[in-house]
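Have a look at the structure below before the remarks.
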Amino acid sequence: MLSRPKPGESEADLLHFQNQFLAARASPAVKIVKKADKRKGEEGSRDAERLPLQDSKDVVMLDDFPDVPPALTPAPPKKSKIRSACVHFEDEDPEERLESHDQHITAVFSKIIERDTSAVAVTIPVPTGDPFPRTFHRSEIKSEVEVGSGRKSIFAQKIAARRAAEKAATAPPAAEHVQIGSATVGALGPEGSAGEAPLPSLRDDKTVDFLTSRQPCVITGEGLGSEKSEQEVQAIHKENLEKLQSMSQEEILQEQERLLAQLDSSLVAFLKSRRDGNEGQKKELKKKQDRPEESLETVPVSQHGVGASPSMQGSDMEESVIKEENMKVEITDSLPVKPKKEWIHMDNVEFEKLEWMKDLSPPRQKKTRKGMQARFSLKGELIPADADLPTHLGLHHHGEEAERAGYSLQELFHLSRSQVIQQRTLALQVLGRIVQKSRAGEFASSLKGSVLRLLLDAGFLFLLRFSLDDAVDNVMAASVAALRALLVSLDDEKYLDWTFSWYQGMAAFPFVPNNEEEEEDEEDDLTETEKSQNKKLKDENKPDPDVARYDVVKGLLKTQIQHRLRYILEVVRPVPTVVVDILHVLTHIARHSSEACSQLLDCPRLIETIVREFLPTQWDPRVAEPGCLLTSIHGVPCASAMKFVRVLASGGRNATARMLNKFEMKSRLSRFIAEDPLDLLLPREEAIRLSTEAFRLWAVAAGYGQACDLYRDLYPVLVRILQSLPELLGTCHEKSPMLELSVQRATVVVTLLTHVTQTAGCTAELQAQQSSNGSEDNEQIPPPPVTWNQVSNLRPFLETSLKRILQEISQTETWQALQPLTTTYMIYLGVYYSACSQQPSVNPIDCLEELEHLTFEVLLPLLSQPAVHSMWDLLRPCSALCNPLSCAPAPESVFSIVSLSCTGGKPPLSLVGSKSPFPFLTALLFLISSITHIHKGLISKYSSVLDFKGLKDYLHLSWQTGPPSITPSSAWILRHEYHLQYFVLTLARRMAGTCPDYAQHASLHHCVAMALLSRLLPGSEHLAHEVLLDLAFNPEFFPRRPLSRSTNPLLRSCPSLSLLPAQSTGLPELGCSSPWFGFIP
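Residue 531 in this note's numbering sits at position 99 of the sequence shown, and the numbers go up by one each step.
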């Protein structure tokens, strides 16, 4: 039995084993079978039937290979390997089919062009005694060859070094040129004199100096561009050597001086550097000096010799080599891991590839005023430029400015498009945190420019939109959170809910940018409907980025974001935080405009999914258990969903009707209002918020005259709530955390009753109108399903509760907590008495007696309270007109995203602050205006209101100070301030005809009226009508004698005002005999 080869046996042993195997004619243990080619059919199997070779030698055979190659043709296209997939026709020639599928070797190697080797020197291999050429390992050869153009692998460097060594070993001797070469070097070297030390002599004739005799130092031949460039260079070099050999030493020195005088100094320095700086020649000389038999004898030369000896050049080269080795040692010492020779493939260390393992250099100190790139932590915090943070925090994984911790916005953008899911998620999370902190103003004092504007200009909005379409849940969740941080301000929503129960605070305030890129001049002749249609067509024709540049919400709606959010809620069913963020985003979109509300309502299955999944009438009671962690809120009532429905209903009467009738919101209202929040199987805080939002939705619907039929069904519930309102006085002293939520719920209940009462007050008028026009076919507005008798019985409950709260006005903490509820009481009573005076079923005398009782028992004592006096004094510090900076836009606000600038909270002494007197005083003045409108005899009783010093100081400063710039924040705040000024002027107009002492206030109130008329914003057209009709040109507001500009403050402040022609103003023509002549500025 033949033995198998063992490790360590030589080639001769292997050949011996092969001869034994062939002599024994034994069958091999492995048989090679060629698989048949399916494309050749059965012909491919003939290789397996080939007879064994008779010869014992290895023979390579190419079957069917002709002596003359056929004509060159391109390779046929690749065909399918499935034989059944080939289609054959009956009339097809088999021979042609075989020719088309011919896979001849010449079809593969279609065209072979040999390399021209005519000018290449042929070297005969060195004969050895081995049967095969001896193999070499790369570790046996030192890589001393300088790498040329481009980077070479380690193996390529070893091969180049071996070839260079073989070429040096086979080159012919040239010792006779050494002396002349030395003279050549001296001719190009430093200046010297003729009578100096002789040239060094050679120790051995066989020693060869290739650097100075065979290879030129300056000429390389690269510019010749021919194959014989090397021969040309050698010919030129030989000619130079012969010329130098024929010259004497003195002639060489003279020629050297002449060249140095004629040539430019920079050119001389270049020639010297070409001679002294050839690294390849230095390394080659280093090799020769390492061999003892080829070393040259060192001869001492004077300091100013003619030329430098090879030994001196070698010493210079040794110094450079030593420096390079020292540098490598320094790099190795600085590495955290020292490479060892025992490691595989680490016998030759590539130090340039190990640079990244070195310790980072400390961040440079900021010594100049030049700005540096902003870098952020994973929490979205700005990292100072000189912060030295440890590397284990994961803040140094970037190439640019590797020593600085944190990531720039460009790097985060690049990371957000990574193929790694974790990297995309992390980048979006960090960007979302940066946006949130940027909107809070944390970077305003540290960064130059706006982070939000920079992100939006870079396409951050569409990056989030693309990420929403990602199939990975984590990426979708991160993009939703970043989108919520970009669009939604929770503080804005908080203050909007806070002002919901103010006077006309429920009115929808559109979040539409006021500086859209529209050409208004071309649309002056069009109607409002035509303008809106043209505007819609323009937006549809514009690209998405152009639309989003001036309105982000409109740009998102153009990308059909509502459909994607519906898919996430309905199909993906994410975690609760993502659901809440989506509901916040939808709420912000619904606040944009009525058109945005219509698009949300028209989105298929969006509202159905939200109502079904997040406002169910039945749910799992285990969610109310303490410590229950919800993994999903699908099927659980959510207050954010009810708020979204409420904001959506605020978009108009039609939207409210669709929500109540199509989506069955009436049954949901009954479900969450009929049951007390403490009895709902939900966490207590969430239950109170849900009940509050349900009452707000009902109040919005009642303001449109809808859902009033629920009043009859839920009347016992409302009475029970009103009876429990005085109990809030006891909880104010306990400082319960739920007190604010309970007060908000009670406030919304009173607001609901206010709108139901106002709707019921119109019932008699609508019924009379319907009965008078019953025979006509004109469409009539049906009266609401609630009458005055059904709402009039609730006034005693509210009036009694108001009296009890006013008794606590001296208690600062109690009054501060219950002031919102007192404000709604005032508004309710004003609406109630305004509607009561118009009811035919009410005795007018009884109504007047109730007003007198309210005046003498409640309001006049209230006006005499010191706390009310301090409220009038707070008008000036809390006014937005007197303090324009209080409604200034946020530092990071952008015009394309509407914000109320409430991020971080408003100061207490501001119009919407916690200590603001505006909501209560506006409600008080509204109630007084309603009373004096009904009962003329009580007008003089309220004359003390206009005598408050705080009110007069506020009015005087408000009309003299210029209004703040119109922004969404200022427009929202000033609308509430203008209501207070209007009611003050209304009371003043009534005082002017009844009170003889009013003349002292006439000039001030007239200036305030004119200033108010010029400042009213869109949406306050009814106020402008009232001011023009009764206030601005009321003769009672004018003094009894003409005033000059020196005595009239309004004339001093408005010197350029003048009367316009009657046909342009629409006012009656004023002649010289008119009593108004000379009094109107």
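Where is the CB? At the ideal position from N, CA and C, for every residue including glycine.
Look at the alpha carbon of residue i and the alpha carbon of residue j, and state the distance between them as a whole number of angstroms.
| i | j | result |
| --- | --- | --- |
| Val665 | Leu695 | 22 Å |
| Pro1293 | Leu922 | 40 Å |
| Arg1054 | Asn973 | 52 Å |
| Ser848 | Leu1015 | 24 Å |
| Pro1158 | Ile1405 | 31 Å |
| Val1003 | Gln1050 | 21 Å |
| Leu1234 | Thr1254 | 6 Å |
| Ala461 | His824 | 58 Å |
| Leu858 | Arg885 | 22 Å |
| Ile591 | Lys704 | 31 Å |
| Gln1031 | Phe1095 | 16 Å |
| Met1517 | Gly1135 | Nothing in the structure corresponds to residue 1517, since the chain is present only between 433 and 1513. |
| Glu1282 | Ser1376 | 21 Å |
| Thr1063 | Ser1174 | 28 Å |
| Pro605 | Ser550 | Reliability fails at Pro605, whose pLDDT of 48 lies under 50, so the model's placement of it is uncertain and the value that follows must be treated cautiously. Rounded to whole angstroms, Pro605 to Ser550 spans 25 Å at the Cα level. |
| Glu813 | His1020 | 26 Å |
| Thr1186 | Ala1464 | 31 Å |
| Gly653 | Ser661 | 5 Å |
| Glu1172 | Lys1075 | 18 Å |
| Glu925 | Val1010 | 18 Å |
| Ile668 | Asp548 | 25 Å |
| Val1012 | Ser1072 | 7 Å |
| Lys638 | Glu674 | Residue placement at Lys638 is flagged as unreliable, the pLDDT there being 35, under the threshold of 50; the coordinate-derived value follows with that caveat. The straight-line gap from Cα to Cα measures roughly 21 Å. |
| Glu784 | Lys790 | 11 Å |
| Arg1236 | Cys1194 | 31 Å |
| Glu1240 | Pro1428 | 36 Å |
| Ile1371 | Arg1422 | 7 Å |
| Ser681 | Val554 | The sequence as given places Gln at residue 681; Ser does not occur at that position. Cα-Cα distance, rounded: 40 Å. |
Assign residue i to one of two classes, buried (16 or more other C-beta atoms within 10 Å of its C-beta) or exposed (fewer than that).
| i | result |
| --- | --- |
| Asp983 | buried |
| Phe943 | buried |
| Asn1466 | buried |
| Asp978 | exposed |
| Trp1130 | buried |
| Ala444 | exposed |
| Ala1087 | buried |
| Cys1164 | buried |
| Thr1124 | buried |
| Pro1349 | buried |
| Arg836 | buried |
| Ser585 | exposed |
| Ser516 | Because the pLDDT of Ser516 is 48, which lies under 50, any placement of that residue in the model is unreliable, and the number read from its coordinates should be weighed accordingly. Ser516 is exposed by the Cβ-count criterion. |
| Pro1298 | exposed |
| Ser850 | exposed |
| Ala1022 | buried |
| His995 | exposed |
| Met1170 | exposed |
With a cut-off of 8 Å, does the C-beta of residue i fall near any C-beta of chain C?
| i | result |
| --- | --- |
| Ile815 | No chain C appears in this structure, which consists of one protein chain only. |
Can you pull the DSSP bridge partners for residue i?
| i | result |
| --- | --- |
| Leu1185 | Beta-bridge pairing links Leu1185 to no other residue. |
| Ile815 | Arg807 |
| Tyr839 | Phe808 |
May I ask whether a heavy atom of the ligand GDP can be found less than 7 Å away from the beta carbon of residue i?
| i | result |
| --- | --- |
| Thr1063 | Absence of the ligand GDP from the depicted structure is noted, as is the absence of any ligand whatsoever, leaving it without description. |
message: Closer than 8 Å is the cut-off here; do at least three beta carbon pairs connect the segment 1384-1396 with the segment 1338-1352?
response: no
message: Restricting to runs no shorter than 4 residues, where is the alpha helix (DSSP H) found entirely within the segment 1015-1045?
response: 1026-1034
query: Which whole runs of the beta strand (DSSP E) in the segment 1073-1105 are 3 residues long or more, in chain order?
result: none
field: beta strand (DSSP E) runs contained entirely in the segment 1342-1419, provided each spans 3 or more residues
entry: none
- prompt: In the segment 1103-1147, which residue ranges form an unbroken alpha helix (DSSP H) of at least 4 residues, counting only runs that do not cross its ends?
  reply: 1116-1135 and 1141-1145
Given 8 Å, three or more beta-carbon pairs between the segment 1443-1455 and the segment 1407-1416: With a cut-off of 8 Å, the segment 1407-1416 and the segment 1443-1455 count as touching, because enough Cβ pairs lie within range.
query: Below 8 Å, can you find three or more Cβ-Cβ pairs linking the segment 1351-1360 to the segment 905-919?
result: No, the segment 1351-1360 does not touch the segment 905-919.
message: Using a Cβ distance threshold of 8 Å, determine whether the segment 1304-1324 contacts the segment 1212-1222, with at least three qualifying pairs required.
response: no
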